[in-house]
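Peer 1: Chains as they are written, first to last, in my numbering: chain A, 13 to 221; chain B, 2 to 253. Even glycine gets a Cβ: it sits at the ideal position worked out from N, Cα and C. Mind having a look at this structure? Questions to follow.
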Amino acid sequence: MINEAGQAAVVTVEQLLNAVISMDEVTQQRLAELHGRRIAIEFREWNLTLLFVPDAQGRLQISTDDVDAADATIRATPFDFAETLRMERKEDQVFKGKITLDGDTRLAQRFSDILAMLEIDWEEQLSKLTGDVAAHQLGGMLRGFQRWARRNQRMMRDNLGEYLTEEKQLLPTAFEVAEWRAEVDRLRDDVDRLAARVVRLLSAADTDQ
Amino acid sequence: MSIESPHKTTHFGYETVDVEEKAARVRGVFDSVASRYDIMNDLMSFGVHRLWKHIAIDLAAVRNGQQVLDLASGTGDLAARYAALVGPQGRVVMSDINAAMLEEGRKRMIDSGHVGNVEYMQIDAEKIPFDDNSFHCVSIAFGLRNVTDKDQALREMQRVLKPGGRALVLEFSHPGSKPLSKLYDLFSFKALPLIGKLVTNDADSYRYLAESIRMHPDQESLLQMMQDAGFERCDYHNLSGGIVAIHRGFKL
């Protein structure tokens, strides 16, 4: 039985994704190099697998076709996918086992790298509507606001941290936490050594008898 | 002049015409609508034809490096998707019996960058100019009902398929439920010719489209025709309550 509503959702997602990709020429060119390769993405908790096939122009075709025939498969929970997108070192997620790659892993890696590197030049898109001068001015204002917001966010974080650790002394400082963790490590090692010693003494007592 | 046997007839919408005449009449219809075919498809199906084609592509299960023949390609919606799926090593033959439609489709394919693995041929589905066992997949979307000898076209599709290959027929069909059927009749006989008149200034062509859909064999009859043509493991999927059906058959 074909689920038409599900298919309609896939068609919509495909159109939206391609609209976004079409705003970044470099991403389109990179995807076009993978023309005809089949990359499956499995969203574990949703029990959903989508197959992505780039065409010669770097547009993506998405389907729910037989994913067994995919050249590469990327599996993760939707939450882990979202987390990975935000991370600098994406390969850590693979080592932690949060994302698994099957089949042609280089293809899977390349495909996810291309999507992660997607960068839309909003100023260029805006200039199509408003012209270059207005778009540049607006872009400049937005960048200024972004810098201001980032600076304020950093300042607020520092101030709050200082208030909680130094003035109210509700939280330990980073130095204290590091010291405490080192002591925990030392204690664990001591316990391990003691356990090994007890085992050795017991076995020595056994042979004496 | 040789003495001819009484003329064989076939249907052209609700009219009965000579077999020789049908192809010319169908050509007339598509010559008339070619340039606005896409807009009309969207209006006629409320855009759902994209969804139907998407599902057909899933059922076609075309793979990298395969050879695909798309008959009655029209403006090439299916062919464009096949072109992505077969990759640079594959080949898609996009075809139509109507030169105006094929030219329109070719322009659109080139404009959207589908070059390199697509060929264009004017092909009559009843006489496919390829050797036996040439393609992994042969499809015809919204075209079979315009073919004069449908059985012959199905036999030809079966002939050019490689063993293991599959054929797909996406076509308007017969809605399963009575109320939907009534609504659909109202839309296609009243609204459709009116939309046709407004958009392409050609109500007659769209009246033909509506009538030809009614004359097209229903799901079970077409399934039988596919089996008679030599296809195996045939099945069909009703879409949008049976307004459209996708028939599928394999050559084993």
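Is the shortest distance between the beta-carbon of residue 38/A and the beta-carbons of chain B less than 9 angstroms?
Peer 2: By this cut-off, residue 38/A is not an interface position.
Peer 1: Are residue 1/B and residue 146/B closer than 9 angstroms when you measure CB to CB?
Peer 2: What the structure shows of chain B is the stretch from 2 to 253, and residue 1/B is not part of that stretch, so it cannot be assessed.
Peer 1: Starting from residue 65/A and walking both ways along the beta strand (DSSP E), at which residues does that stretch end?
Peer 2: Looking at the DSSP string, the run of the beta strand (DSSP E) that includes residue 65/A is 60-66.
Peer 1: Name the residue from 46/B, 105/B, 85/B whose alpha carbon lies nearest to the alpha carbon of residue 73/B.
Peer 2: Nearest C-alpha to residue 73/B: 105/B.
Peer 1: Can you give me the start and stop residues for the beta strand (DSSP E) that residue 141/B sits inside?
Peer 2: That run of the beta strand (DSSP E) goes 136-142.
Peer 1: Since residue 148/B and residue 162/B should fall inside the 8 angstroms C-beta cutoff, what is the C-beta to C-beta distance between them, to a whole number of angstroms?
Peer 2: So it is not a contact: roughly 17 angstroms between Cβ atoms.
Peer 1: Along chain A, in chain order, which residues have C-beta atoms closer than 7 angstroms to that of residue 70/B?
Peer 2: Chain A residues near residue 70/B: none, gap ~18 angstroms exceeds 7 angstroms.
Peer 1: So residue 50/B contacts chain A; which residues on that side make the cut at Cβ distance below 7 angstroms?
Peer 2: None at all; the shortest Cβ gap to chain A is about 11 angstroms.
Peer 1: Using 8 angstroms as the cut-off, can you tell me whether the stretch 64-78 of chain B makes contact with the stretch 91-99 of chain B, which would need three or more C-beta pairs spanning the two stretches below that distance?
Peer 2: Yes: at least three Cβ pairs fall under 8 angstroms.
Peer 1: Spatial neighbours of residue 23/B within its chain, please: C-beta separation below 7 angstroms, excluding the five flanking residues on both sides.
Peer 2: These residues qualify, in order along the chain: 11, 13, 149.
Peer 1: To which residues does DSSP link residue 18/A through a beta bridge?
Peer 2: Residue 18/A is not bridged to any residue.
Peer 1: What did DSSP end up calling residue 142/A once you bin it into helix, strand or coil?
Peer 2: Three-state result, residue 142/A: helix.
Peer 1: Is there a C-beta anywhere in chain B that falls below 9 angstroms from the one on residue 48/A?
Peer 2: Yes, residue 48/A counts as interfacial toward chain B.
Peer 1: Put residue 168/B into one of helix, strand or coil per three-state DSSP.
Peer 2: Note: residue 168/B maps to strand in three-state DSSP.
Peer 1: Determine the closest residue to residue 62/B out of 175/A, 105/A, 48/A, with distance taken between C-alpha atoms.
Peer 2: For residue 62/B, the nearest C-alpha among the options comes from 48/A.
Peer 1: Per DSSP, residue 236/B forms a beta bridge with which residues?
Peer 2: In DSSP, residue 236/B forms a bridge with 249/B.
Peer 1: Could you tell me the alpha carbon to alpha carbon distance between residue 18/B and residue 122/B, rounded to whole angstroms?
Peer 2: Taking the straight line from one Cα to the other gives about 27 angstroms.
Peer 1: Give me whichever residues DSSP pairs with residue 96/B in a beta bridge.
Peer 2: Bridge partners of residue 96/B: 122/B.
Peer 1: Any idea if residue 40/B is buried or exposed, counting beta-carbon neighbours within 10 angstroms, 16 or more meaning buried?
Peer 2: That one is exposed.
Peer 1: Would you identify the three-state DSSP class for residue 23/B, choosing helix, strand or coil?
Peer 2: The answer is helix: DSSP assigns residue 23/B an H, G or I state.
Peer 1: Going along chain B, which residues have a C-beta under 7 angstroms from residue 77/A?
Peer 2: The contacting residues are 59, 62.
Peer 1: Say the cut is 8 angstroms; is the CB of residue 17/B nearer than that to a heavy atom of the ligand HEM?
Peer 2: In terms of ligand content, the structure shown is empty, and the ligand HEM therefore cannot be addressed.
Peer 1: Exposed or buried, what is residue 232/B when buried is set at 16 or more other beta-carbons lying within 10 Å of its beta-carbon?
Peer 2: Classification for residue 232/B: buried.
Peer 1: Quick check on residue 41/A - is its C-beta less than 9 angstroms from some C-beta in chain B?
Peer 2: So no, residue 41/A is outside the interface.
Peer 1: Give me the DSSP bridge partner(s) of residue 69/B.
Peer 2: DSSP lists 93/B, 138/B as partners of residue 69/B.
Peer 1: CA-CA distance, residue 118/A and residue 125/A?
Peer 2: When rounded, the distance between both Cα atoms is 10 angstroms.
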